[in-house]
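Report on one structure; see the data block that follows.
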Amino acid sequence: MKRVSILFFILAISTSGILAQDFGYLGKKNLFSVFTTSSMRITPAVLGATSTVLYEGVSNYRYHHLSYSDNNTLIDKFKLFRVDYRASYQRIINSKMALGVEFAYHKTTIGLEKPAGFDSNNSFFSMPISDPVFRTMSYMLTAEFYNSRGIAGAGFSSQVGIGPKIYSFMDGENYRFSKDSVMANPYPTVGGDLIAINLFYELSYKMPITNSIFFNLGVRFHTGFIIPKLNTFSGTSTYYWEPHFGSNITTAAFEDNLTNLLSLKTGFTFIF
2 MKRVSILFFI LAISTSGILA QDFGYLGKKN LFSVFTTSSM RITPAVLGAT STVLYEGVSN
62 YRYHHLSYSD NNTLIDKFKL FRVDYRASYQ RIINSKMALG VEFAYHKTTI GLEKPAGFDS
122 NNSFFSMPIS DPVFRTMSYM LTAEFYNSRG IAGAGFSSQV GIGPKIYSFM DGENYRFSKD
182 SVMANPYPTV GGDLIAINLF YELSYKMPIT NSIFFNLGVR FHTGFIIPKL NTFSGTSTYY
242 WEPHFGSNIT TAAFEDNLTN LLSLKTGFTF IF
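Under my numbering, the first residue of the sequence shown is numbered 2, with each subsequent residue one higher.
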């Protein structure tokens, strides 16, 4: 009996040592997250070329977006608030670190300067031209770091990430010069996508709700840059890639990546 007691004692010590060397929340090492990053684009609005005398009575044209409904009614919106929808997967590789990937989606409207002039009564007018809309998708490689005195996957952490953001023109929108004039060929079909490289640093906290679900709250600092396009779309007959508007689109995307610096992160993490 004494030998059995000693054996159980040795097994208990051995098991506790093994558990002490384990990592991950309740031994779970896979994290799948769905969340949003939201921001007020104040910095790019302040720093960018965001007002023009060509669009009378309206400043911050980058965020003053014009579009048309299905029945060709003009829709005029001022959009300073932005929300990106994101999903990520990470694998905890030790008590201090997890590696993973992240995907994000956003529908981005790029506000452009509008052509303007004077009518027969010498009154100023600007053309209510649709602004181009892009589908933006981000693909990031991420690394998350935990406090060695905490529990990997839970509590406070810091994270870094880097990867491309791809701007794809959405040609299914109702692009128009006015209520009565459709824009037949708005964008070059052979022009390709705009590509940016983005990176971020994040501080966040994962609060357990159940044994498998966390509420995730954090602050993300980010920036990026547009890769210059080498082709000039020669030979195409389109509207948005005329010399002025083509550079305007690229400049707007550059401002949105380089100077849109801070976002709030909210969402849920599932650990298994």
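Backbone N, C-alpha and C define an ideal beta-carbon position, used for all residues, glycine too. Quick caveat: nothing in here was measured; it's all calculated off a predicted structure.
Once DSSP output is grouped into helix, strand and coil, what is the label at residue i?
| i | result |
| --- | --- |
| SER169 | strand |
| GLU114 | coil |
| ILE272 | strand |
| ALA144 | strand |
| GLU256 | helix |
| PHE246 | helix |
| ARG63 | helix |
| THR251 | helix |
| SER40 | strand |
| GLY225 | strand |
| ASP85 | strand |
| LYS266 | strand |
| MET138 | strand |
| GLU203 | strand |
| LEU27 | coil |
| ARG150 | coil |
| SER127 | strand |
| SER182 | strand |
| SER238 | coil |
Leaving out the 5 sequence neighbours to the left and right, which residues in its chain are closer than 8 Å to residue i when beta-carbon positions are compared?
| i | result |
| --- | --- |
| ASN186 | SER238, THR239, TYR240 |
| GLY151 | PHE157 |
| LEU262 | THR44, PHE222, HIS223, THR224 |
| PHE1 | Because the chain here runs from 2 to 273, residue 1 falls outside it and cannot be looked at. |
Figure out for me which residue from the options has the closest Cα to the Cα of residue i.
| i | options | result |
| --- | --- | --- |
| LEU218 | THR252, THR137, TYR69, PHE157 | PHE157 |
| LEU167 | PHE269, ASP194, TYR26 | Correcting the residue identity first, residue 167 is Ile in this sequence and not Leu. Nearest option by C-alpha distance: ASP194. |
| ILE214 | TYR147, ASN261, GLY154, LYS266 | GLY154 |
| ASN95 | PRO133, THR109, ASP132, ASN31 | ASN31 |
| PRO133 | TYR188, PHE146, ALA99 | TYR188 |
| ILE210 | THR224, SER182, GLY268 | GLY268 |
| ASN212 | GLY101, PHE273, ALA105, ILE76 | PHE273 |
Would you tell me roughly how many angstroms separate the C-alpha atoms of residue i and residue j, rounded to the nearest one?
| i | j | result |
| --- | --- | --- |
| ASP85 | HIS107 | 5 Å |
| ASN258 | SER149 | 34 Å |
| SER68 | LYS97 | 48 Å |
| SER248 | LEU113 | 10 Å |
| GLU243 | PHE33 | 43 Å |
| TYR228 | THR251 | In the sequence as presented, Tyr is not what sits at residue 228; that position holds Ile. Roughly 9 Å separates the two Cα atoms. |
| VAL54 | ARG63 | Caution applies to VAL54, whose pLDDT of 43 falls short of 50 and renders its modelled position unreliable; the value that the coordinates give is listed next. Going by the C-alpha atoms only, they are around 13 Å apart. |
| PHE246 | VAL35 | 36 Å |
| GLU103 | ASP71 | 34 Å |
| SER264 | SER169 | 23 Å |
| LEU81 | ARG87 | 20 Å |
| LEU27 | MET208 | 14 Å |
| LYS266 | PHE222 | 10 Å |
| PHE271 | TYR147 | 17 Å |
| HIS65 | THR38 | 21 Å |
| THR224 | THR110 | 19 Å |
| GLU256 | TYR90 | 29 Å |
| LEU75 | ILE196 | 30 Å |
| SER182 | GLY101 | 48 Å |
| PHE216 | TYR206 | 8 Å |
| ALA254 | ALA105 | 16 Å |
Excluding the 5 residues flanking residue i on each side, which residues of the same chain have their C-beta closer than 7 Å to its C-beta?
| i | result |
| --- | --- |
| PHE178 | MET128, ILE130, MET184 |
| LEU204 | SER159, GLY219, VAL220 |
| PHE164 | According to the sequence displayed, residue 164 carries Gly and not Phe. Same-chain partners within the cutoff: SER139, TYR140, MET141, LEU142, ASN199. |
| ARG136 | LYS108, SER169, MET171 |
Going by beta carbon distance, what residues of the same chain come within less than 6 Å of residue i, once the five residues before and after it are set aside?
| i | result |
| --- | --- |
| VAL161 | ALA144, TYR202 |
| ASN175 | TYR69 |
| ASN73 | LYS180 |
| PRO116 | MET128 |
| LYS78 | HIS66 |
| ILE93 | GLY25, LYS30, ALA99, ALA153, GLY154 |
Tell me the DSSP bridge mates of residue i?
| i | result |
| --- | --- |
| ALA99 | ILE93, GLU145 |
| LEU75 | TYR69 |
| PHE215 | PRO209, THR270 |
| ALA155 | Answer by DSSP bridge pairing: none, since ALA155 is not bridged. |
| TYR106 | TYR86, MET138 |
| ALA197 | LYS166, ILE227 |
Tell me whether residue i counts as near the ligand GDP, meaning its Cβ is closer than 7 Å to at least one heavy atom of that ligand.
| i | result |
| --- | --- |
| PHE246 | Judged by which ligands are present, the structure shown has none, so any question about the ligand GDP falls away. |
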